[in-house]
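Working notes, structure below.
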Amino acid sequence: MTTILTYSDTLQQAAEVLTLAKQLAPALNAEAYAIHIGELSQEAISFYGQAGAKKIYHIEDGQVSKGGPAVAAEALADTVSRVGAEVLLVAATRFGLETAPRVAQRLSTGYAAECFEVRVEEGSIVAYRGVLGGTYHAEVVMKKRPCVISVQTGRYQPSLSGAAETPQVEKIEVSPSAPSVELIEVQQSEAGEVELEKAELIVSVGRGFKKKEDLALAEELAKVVGAEIGCSRPIAGDLKWLPEERHIGLSGKRVRPKLYLALGISGQVQHLVGMRDSKTVIAINTDPNAPIMQESDYAVVGDLYKIIPLLTEKLKQTLGK
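Read in the numbering used here, the sequence shown has 261 at position 206, and its numbers run on one by one without any break.
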């Protein structure tokens with residue numbers, strides 16, 4: 056029996072890649088195991104068990120935890136080699152995206168980045184990823200073993216079992232190189248900060264708004280329907296009207312809400328990559344030929360300054376607010 060190893064620097068995403076590993080395991084006659092770097096609490100062990108890991112390879116060396124992606128990659132590559140794993144699935148977090156290609160380089164093997172789907176077809180591992188800003192999809196056949204694949208976050212819904220067996224923990228001793236960069240501190244997001252990836256309703260704003268104060272129109276609409284506020288890159292990156300955590304797009308967050316309302320967003324490829332998995336898209340724009348209109352289920356051609364107040368008022372009446 057072979058082994059599929061998984062790794063993520065966050066527990067939530069660790070459960071996601073374990074879910075994928077469990078899906079692939081039967082076709083590869085493999086077991087799904089997890090790698091954990093750093094302190095491993097009893098709660099974390101239980102979580103891994105609920106996520107389906109039968110074994111955890113624990114790398115507890117403090118140098119690895121503080122050494123950044125380069126040192127983590129060295130430890131991960133060493134673990135993959137020792138275990139003799141067929142595949143290493145890495146959650147495509149920011150840390151994961153820096154670490155995974157380094158692991159592949161150390162193993163002299165193939166790497167597929169930010170894949171939205173991984174399957175076993177006729178005995179081969181096939182990874183699917185977006186290219187050219189998500190305009191096209193590439194099919195990558197992983198011919199060499201072991202192979203390394205980073206998996207888009209939010210793609211695989213974790214299947215947690217409430218009565219799972221406690222996984223076996225096996226410590227891995229490593230002798231990492233001296234880090235060229237040392238992690239000094241990790242700052243957690245403040246309580247209440249939004250996780251757009253989990254939002255079911257999103258009202259997203261773009262350059263159609265003339266000034267920052269006008270965003271209040273969108274914020275009121277979002278409040279009425281219980282939606283989160285998102286934005287295109289210029290709003291967060293260039294104008295600084297909203298924090299970067301609200302940025303949706305190729306270099307921002309990728310969302311999959313039930314409803315995505317795009318207000319004054321033209322819909323450049325960079326933005327479309329971040330929202331095109333939305334179940335239903337409604338766009339309001341003065342330009343009927345804007346790219347976002349082609350991506351929308353419902354396209355409204357008009358002035359957002361006139362439409363949003365009317366829409367907000369109508370929703371208040373309908374919802375009794």
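Using N, Cα and C, we set each Cβ at its ideal position, and we do this for glycine too.
Around the beta carbon of Ser287, 16 or more other beta carbons sit within 10 angstroms, so the residue counts as buried.
In the DSSP annotation of this structure, the continuous segment of the beta strand (DSSP E) that includes Tyr88 starts and ends at 85-92. Here the C-alpha atom of Tyr88 lies approximately 22 Å from the C-alpha atom of Ala125. For a cut-off of 8 Å, the C-beta gap from Leu316 to Ile337 is around 5 Å, short enough to register as a contact. According to the DSSP assignment, Tyr211 belongs to no beta strand (DSSP E), since it is labelled neither H nor E.
The C-beta distance from Glu255 to Lys313 rounds to 5 Å, short enough to fall under 8 Å. Every beta strand (DSSP E) of 3 residues or more that sits fully in the region 146-227 is shown, in chain order, as 166-176, 179-186, 191-197, 202-206, 223-226. Counting only residues of its own chain and dropping the five nearest sequence neighbours on each side, Pro231 has a CB closer than 7 Å to the CB of Asp116, Gln118, Val119, Gly122, Val126, Glu129, Ala130. In the structure shown, Glu255 adopts coil according to DSSP, grouped into three states. In the structure shown, Leu316 falls within a strand segment according to DSSP collapsed to helix, strand and coil. Following the DSSP letters along the chain, one finds Ala354 inside the beta strand (DSSP E) bounded by residues 353-356.
Within the model, the alpha-carbon separation for Thr164 versus Ala155 is close to 11 Å. Within the region 277-324, the complete beta strand (DSSP E) runs of at least 3 residues fall at 283-286, 314-318. Ala108 carries a coil assignment under DSSP once its states are collapsed to helix, strand and coil. Taking the Cβ atoms as the reference, Glu71 lies roughly 6 Å from Pro213, within the contact range of under 8 Å.
The beta carbon of Leu318 lies closer than 6 Å to those of Val260, Ala273, Ile339, Leu359 in the same chain, with the five residues before and after it left out.
Sequence-distant partners of Ala132 (beyond 5 residues in either direction) whose C-beta falls short of 7 Å from its own C-beta, in its chain, are Val158, Arg161, Leu162. Taking 9 Å as the cut-off, the beta carbon of Glu176 is found no closer than this to the beta carbon of Val206.
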